[in-house]
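Peer 1:
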Amino acid sequence: MGSSAGEVIGVSDGEGDSAEWVFPAAPDAVRTARSLVRRTLGEWRLDSVGDIAALLVSELVTNALRHATGPIGVRLVRSPDGVAGAAGAAGASGVDGASGVDGVLLVEVSDPLPDPPRERVARPDDEDGRGLQLVASAARRWGTRPGEAGKAVWFELALPR
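To convert, note that position 26 of the sequence shown is 27 in this note's numbering; the numbers rise steadily by one, no gaps.
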């Protein structure tokens, strides 16, 4: 498969509880990632978190496009027991928003830039700078962790009972 805009340059699907894609660093990556996240969550019968997951993925993929070069990864992992993998990963840092839920959707967006994102306060007339605030307010937990090459920004969404 080629690496032109709007294409996926890598796909992995493991055991039905995870999905992973790698996108070229092109503007169409945002739309493609959002579409694949919605489609996958629909297939998993998790439509109730599809809109918010797609919105937060859009924000993080856009951040990756603005600040890093190279491929952008998106990974979804559903965990029916309420424990997802990123929070326990070595080197992970994050913010806890809730606990004791039935299930969790872990979403990671990775890029080759090792520097963690910086949350900032946007002024009312700023056109950007609100993505991490949106992630922080909508996610159960979120954080960053170093990757093999670069970093991953992750968030968790509570799954409905």
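All C-beta atoms, glycine included, are put in the ideal place defined by N, C-alpha and C.
Which of helix, strand or coil does DSSP assign to G74?
Peer 2: Of the three classes helix, strand and coil, the one that applies to G74 here is strand, per DSSP.
Peer 1: When you compare only the Cα positions, how much space is there between H68 and S19?
Peer 2: Their Cα atoms are separated by approximately 27 Å.
Peer 1: If contacts are defined as beta-carbon pairs under 8 Å, then W45 and R79 qualify, I think. What distance do you get, rounded to the angstrom?
Peer 2: Right, the Cβ-Cβ distance comes to about 6 Å (below 8 Å), so this counts as a contact.
Peer 1: Out of L42, P25, S36, L61, which one is the CA nearest neighbour of R119?
Peer 2: Out of L42, P25, S36, L61, L61 has the C-alpha closest to the C-alpha of R119.
Peer 1: Could you say which of T70, T63, D48, A27 lies nearest to A159 if we only look at CA atoms?
Peer 2: Minimum Cα distance to A159 is reached at D48.
Peer 1: So does the stretch 140–160 actually touch the stretch 103–111, counting three or more Cβ pairs closer than 8 Å?
Peer 2: With the cut-off at 8 Å, the stretch 140–160 and the stretch 103–111 touch.
Peer 1: Is the CB-CB distance between L66 and P113 below 8 Å?
Peer 2: No, Cβ-Cβ distance for L66 and P113 is not below 8 Å.
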